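In the numbering used here, the protein residues as written are 1 to 297. By construction, the Cβ of each residue, glycine as well, lies at the ideal position given by its N, Cα and C atoms. Keep in mind that this is a model prediction, so the values were computed, not measured. Please read the structure below before turning to the comments.
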């Protein structure tokens, strides 16, 4: 089934609805830290993104740089979203803006009310408000009732070119390139999850899925690089590919643990420091043992 991440993750973590599913790295890490994961992950990273694009602001509220977010009321759909974990970590580590410096307003983006897919207990210094009953974060941002929004989807009023809604990082590509040059981190959002009982019954399955998805990615990359006719409805594909390869090498969207340990460790550090994990999870706890290494000839 092809579903939106919101529906897919809600059904996966609330009802264990799927045998194999794309899952949120953050929500999965919570379940591992609490000792009750229904899924076991495979190091197939189906979603990665530089989240400098994910911070939206009211341009009339005196926010000109990240440090200006201190004391502001910022909307979020869920505190646990992987994108939000990365943004909060980057804001604190790179700009000195701690999660406790911001007043968080939680609610639905376009529909009033949205529960956390896994209930979370936040640190005492985190200031969290619920959006007023009947209000959406988009309408609040549009009306100037919140000072900004952080999340993986852009708010509708930004897409509709509201005159006072913009991005904190106006040149998000340059900001992301600088971040990667400094850290070599391409943030991971989602992993592939297999029902744990299924992996125990069929121990060959996790490694087989890793192999299949790796081959699928190779085919997709070959198709994308075939510039005779673009495979996506987007201009400047060749130029962007050249820019990415010059910055990140020949395999920018790598799978597997070995080349991504520094990314995963940074995320797990952020996750526990932000109070989402009750303890620091180790990489080896996340993934099925058969996917931690691969054979070679």
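Where residue 195 sits in the DSSP three-state scheme:
The three-state reading of DSSP puts residue 195 in strand, counting E and B together.
Classify residue 167 as helix, strand or coil using the three-state DSSP reduction.
In the three-state reduction of the DSSP assignment, residue 167 falls in the strand class, which pools E and B.
CA-CA distance, residue 227 and residue 238?
Residue 227 and residue 238 have their C-alpha atoms some 7 angstroms from each other.
Taking just the CA atoms, how far does residue 21 sit from residue 199?
The C-alpha of residue 21 is placed about 13 angstroms away from the C-alpha of residue 199.
Counting only the same chain and skipping the five closest in sequence on each side, list residues whose C-beta sits under 8 angstroms from that of residue 70.
Once the five neighbours on either side are set aside, the close Cβ partners of residue 70 are 97, 101 and 102.
Is residue 224 closer than 9 angstroms to residue 232 when the C-beta atoms are compared?
Taking 9 angstroms as the Cβ cut-off, residue 232 and residue 224 qualify as a contacting pair.
Can you list, in chain order, the residues of its chain whose CB lies under 8 angstroms from that of residue 61, leaving out five sequence neighbours each side?
The residues are 72, 144, 147 and 148.
Counting only the same chain and skipping the five closest in sequence on each side, list residues whose C-beta sits under 7 angstroms from that of residue 176.
Beyond the five residues adjoining it in sequence on each side, residue 176 comes within less than 7 angstroms, by CB distance, of 50 and 52 in the same chain, given in chain order.
Residue 185 versus residue 37 - alpha carbon distance
Residue 185 and residue 37: Cα-Cα distance of roughly 26 angstroms.
Whole angstroms is fine: what's the gap from residue 248's alpha carbon to residue 202's?
One C-alpha to the other measures close to 36 angstroms.
Starting from residue 131 and walking both ways along the beta strand (DSSP E), at which residues does that stretch end?
From DSSP, residue 131 is part of no beta strand (DSSP E); its letter is neither H nor E.
Please determine, among 179, 206, 93 and 164, the residue with the shortest C-alpha to C-alpha distance to residue 63.
Checking every option, the nearest Cα to that of residue 63 belongs to 164.
Identify which residue in 276, 68 and 77 has its Cα closest to the Cα of residue 10.
Closest by C-alpha distance to residue 10, out of 276, 68 and 77, is 77.
Quick one: grab the DSSP three-state call for residue 160.
Here residue 160 carries a coil assignment [DSSP, helix/strand/coil].
Could you say if the stretch 155 to 162 and the stretch 81 to 92 meet the contact criterion of at least three C-beta pairs nearer than 8 angstroms?
In short, these stretches do not touch, since the Cβ pair count stays below three.
Based on the DSSP secondary-structure assignment, which residues constitute the bridge partners of residue 45?
Paired residues: none, contrary to the question.
My guess is that residue 136 and residue 166 are in contact by the Cβ rule of under 8 angstroms, so how many angstroms apart are they, rounded?
Taking a contact as a CB-CB distance under 8 angstroms, the pair residue 136 and residue 166 does not count as one, their CB atoms being some 19 angstroms apart.
Under 8 angstroms Cβ to Cβ from residue 255, same chain only, skipping five residues before and after it: list those, please.
Excluding sequence positions up to five before and after residue 255, its CB lies within less than 8 angstroms of the CB of 43, 44, 45, 210, 213, 214 and 217, all in the same chain and listed in chain order.
Coil, strand or helix - residue 21 by DSSP
The three-state secondary structure of residue 21, taken from DSSP, is strand.
Rounded C-beta distance between residue 252 and residue 244? I'm assuming under 8 angstroms.
Yes, residue 252 and residue 244 are in contact; Cβ-Cβ is about 5 angstroms, under 8 angstroms.
Coil, strand or helix - residue 259 by DSSP
Note: residue 259 maps to helix in three-state DSSP.
Just how far apart, CA to CA, sit residue 205 and residue 277?
Near 28 angstroms, if we compare the C-alpha coordinates of residue 277 and residue 205.
Can you tell me the Cβ-Cβ gap for residue 39 and residue 195, rounded? I've got them flagged as a contact below 8 angstroms.
Confirmed, about 6 angstroms.
Residue 79 - containing beta strand (DSSP E), residue span
Note, residue 79: premise wrong, no beta strand (DSSP E); not H, not E.
From 31, 221, 290 and 6, residue whose alpha carbon lies closest to that of residue 241:
Nearest C-alpha to residue 241: 221.
Unbroken beta strand (DSSP E) run spanning residue 180, endpoints:
Taken as a continuous stretch (DSSP letters only), residue 180 belongs to no beta strand (DSSP E), being part of the alpha helix (DSSP H) at 172 to 183.
At which residues does the alpha helix (DSSP H) containing residue 10 begin and terminate?
Counting along the chain, the unbroken alpha helix (DSSP H) around residue 10 starts and ends at 5 to 15.
Buried versus exposed call for residue 132 [16 or more other C-beta atoms within 10 Å across all chains shown]:
Answer is exposed; the Cβ neighbour count stays below 16.
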